[in-house]
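Worksheet: the structure to be examined is printed underneath.
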Amino acid sequence: MAKILKSHRLWPAFRLSIWTIKKHGARAPVWTFAFLARHEGATQTTFLAGRMDITELSDRIIAGDRRALARAITLIESGRADHRAQAADLMEALKDTGREAMRIGLSGTPGVGKSTFIESFGMMLTAQGLRVAVLAVDPSSARSGGSILGDKTRMEHLSRDPNAFIRPSPSRSHLGGVARRTRETVALCEAAGFDVVLIETVGVGQSETVVAEMSDLFILLLAPGGGDELQGVKRGIMEMADIILVNKADGDLKPAAMRTRSDYAGALRLLRKRPQDPEGFPKAMTVSALQEDGLQTAWDEMQALVDWRRTERHFAARRAAQARYWFGEEVRQALLARLETAEARALMEDYAARVARGDLTPAVAAAQVLDRV
Ligand SMILES: Nc1nc2c(ncn2[C@@H]2O[C@H](COP(=O)(O)OP(=O)(O)OP(=O)(O)O)[C@@H](O)[C@H]2O)c(=O)[nH]1
Ligand SMILES: [Mg+2]
Numbered sequence: 001m002a003k004i005l006k007s008h009r010l011w012p013a014f015r016l017s018i019w020t021i022k023k024h025g026a027r028a029p030v031w032t033f034a035f036l037a038r039h040e041g042a043t044q045t046t047f048l049a050g051r052m053d054i055t056e057l058s059d060r061i062i063a064g065d066r067r068a069l070a071r072a073i074t075l076i077e078s079g080r081a082d083h084r085a086q087a088a089d090l091m092e093a094l095k096d097t098g099r100e101a102m103r104i105g106l107s108g109t110p111g112v113g114k115s116t117f118i119e120s121f122g123m124m125l126t127a128q129g130l131r132v133a134v135l136a137v138d139p140s141s142a143r144s145g146g147s148i149l150g151d152k153t154r155m156e157h158l159s160r161d162p163n164a165f166i167r168p169s170p171s172r173s174h175l176g177g178v179a180r181r182t183r184e185t186v187a188l189c190e191a192a193g194f195d196v197v198l199i200e201t202v203g204v205g206q207s208e209t210v211v212a213e214m215s216d217l218f219i220l221l222l223a224p225g226g227g228d229e230l231q232g233v234k235r236g237i238m239e240m241a242d243i244i245l246v247n248k249a250d251g252d253l254k255p256a257a258m259r260t261r262s263d264y265a266g267a268l269r270l271l272r273k274r275p276q277d278p279e280g281f282p283k284a285m286t287v288s289a290l291q292e293d294g295l296q297t298a299w300d301e302m303q304a305l306v307d308w309r310r311t312e313r314h315f316a317a318r319r320a321a322q323a324r325y326w327f328g329e330e331v332r333q334a335l336l337a338r339l340e341t342a343e344a345r346a347l348m349e350d351y352a353a354r355v356a357r358g359d360l361t362p363a364v365a366a367a368q369v370l371d372r373v
C-alpha cells in the first residue's frame, strides 16, 4: 500500500500536507493539498516525483491532455541535468506531429494593455473554436511568483476558458534560459494542438528579439501618444514589427490613437521593404482591447499576412532560419555553461594567476583553458 502511495503523482503533496498538520494544525493541509493538486505545474516536486515515461508523456500531450502539458513544461523548466536530458528526448519525440500553430509575438511597454488585449483577443479566438496558449518571456526576474496570479486575474475569463492555456514566464533565470524554455514550450503547445500561441513580452530591449525569433508574426502594441511619441520606439523594434496596434482607441483617447496610428503608418512606409511582406505590410491599426473594438479586423490582417507568407514560402523559410538561430544559441549557451562548473572556475582562477604573474600571455592561457574544458 505504502509503495502504491509513494509512486503516486501526488505523493509529495500528500507528504507536505502531513508535515503541515504537524506544524499548523488540522485544517492547514486541506488547502495545501488542494492548492498543490489544483495548480498544474505549480511545484516541481509534485509532478516530477515519479520516473517519467517520455513516450507516454508525449502521447498524452498529443492527445491534448493539459496535465501532461503542464508536467512537460515543468520538466523543461527544470535545471537538473537528468531533467534536461528527458526534456531533450521529449522534444525529439514531439518534433514530427505535423501540427502548426500560428505563433504570435506580442510586445509593448508596461501599461499599454498587453494583458487586457490578450484577454479580449484570446476570448474572441476561443469563441471561434480556436485553442489558444499564452506564454511570456519576462527578462526581469523581479516579476515572478505573485505576478502569475496578478496576470491571471487580469485575464480572468481567458484563464478559466477550457480552450485556453496560460503559462507565465519561468522565473529565476537569465534571458537565455528563459528564451530556451519558452521556445520549447511553444513547440509543446503546438504539438498539443493549440491553434494560436501568443508569446508576450514587456518592451525593454533584448527580449523583443528573443520573442521575434520564436514567432511567425510580431506585433507591437502601442498606446496613444501626444505628438513626438515616435521617439519612444527604437528603430530596431519598428523593423521587427509586422503589425503595429495602437491600443486604447476609445473614449477621449480615440483622436490621439488615430493620430498615433497615422504617424506610425508613415514611419513604417519609410522603412526598407522586406521580402516577407506583401503590399500594405507592415501595417498600423487602432484597437480597443477594453471595448473589444478592431480585434476581428486585426485578426483578419494577421491571417491574411500569414496566408500570404505560407503560399510564398516565407513562413517555412522563417522557421528554418529560426531553427538555425536557436541551434547557434544552444551551442553558445552550452559552451558558457562549461565555464560555470566548479572545475572550470578553478582552472580559470589558476590560469588567471599565471597570467597575472606574467608567466603566460592572456591569449595563450585562454587557448589552453579552452582545450581543457
Ligand atoms: N481606455 C482603455 N484602457 C485600456 C485598454 N486596454 C488596457 N487599458 C487599461 O490600461 C491599463 C494597463 O492595462 P494592462 O492590460 O494591465 O497593461 P499591460 O501592458 O499588461 O501592463 P504590464 O503587465 O504592467 O506590462 C489598465 O488600467 C487597463 O484597464 C483599452 O483598450 N482602452
Ligand atoms: Mg500585463
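FYI, full-length UniProt numbering numbers position 305 of the sequence shown as 305, with every residue one higher than the one before it. Built from N, CA and C at the ideal position, the CB exists for glycine as well.
Within 6 Å of the C-beta of T116 there is at least one heavy atom belonging to ligand 1. Secondary structure of G108 (DSSP, three-state): strand. Nearest C-alpha to A256 among F327, T286, I244: T286. Of the residues P110, P162, A70, R180, the one whose Cα lies closest to the Cα of G328 is R180. Taking a cut-off of 8 Å on C-beta distances, the region 254–274 does not touch the region 305–313, as fewer than three cross pairs fall below it.
In the structure shown, R167 adopts extended strand secondary structure according to DSSP, grouped into three states. Within its own chain, the residues whose Cβ lies closer than 7 Å to the Cβ of R183, once the five positions on either side in sequence are excluded, are M214, W326, listed in chain order. The region 103–117 makes contact with the region 216–225; the number of CB pairs closer than 8 Å reaches 3 or more. Beta-bridge partners of S288 (DSSP): D293. Around the beta carbon of K248, a 10 Å sphere encloses 16 or more other beta carbons of the protein chains shown; the residue is thus reported as buried. Around the C-beta of T185, 16 or more other C-beta atoms lie within 10 Å, and the residue is accordingly described as buried.
At a Cβ-Cβ threshold of 7 Å, I54 and D89 count as neighbours.
Going by DSSP, L270 is part of the alpha helix (DSSP H) stretching over 254–270.
In the structure shown, T361 falls within a coil segment according to DSSP collapsed to helix, strand and coil. DSSP places E200 inside the beta strand (DSSP E), whose first and last residues are 196–202.
For a cut-off of 8 Å, the C-beta gap from V132 to V196 is around 5 Å, short enough to register as a contact. For V355, the CB contacts under 6 Å within the same chain, skipping 5 residues up- and downstream, are P362, A365 in chain order. A298 carries a helical assignment under DSSP once its states are collapsed to helix, strand and coil. Taking C-beta separations shorter than 6 Å and ignoring five residues to either side along the sequence, the partners of A289 in its chain run G113, T116, F117, S120, N247, following chain order. In this model, A72 and F194 are separated by some 15 Å (Cα to Cα). Comparing alpha-carbon positions, the option among I61, L175, R160 lying closest to R99 turns out to be I61. 7 Å or more divides the Cβ of I104 from the Cβ of V134. With a contact defined as Cβ atoms closer than 8 Å, S58 and A87 miss out at about 11 Å. About 7 Å separates the beta carbon of L198 from that of G122, a gap short enough to meet the 8 Å contact definition. About 5 Å separates the CB atoms of W308 and P278; that is less than 8 Å, so the two are in contact. Taking all protein chains in view, the Cβ of D82 is surrounded by fewer than 16 other Cβ atoms within 10 Å, so the residue is classified as exposed. With 16 or more other Cβ atoms from the protein chains shown falling within 10 Å of its own Cβ, K283 counts as buried. With 16 or more other CB atoms across the displayed protein chains lying within 10 angstroms of its CB, P168 is buried. The beta carbons of V373 and R338 sit closer together than 7 Å.
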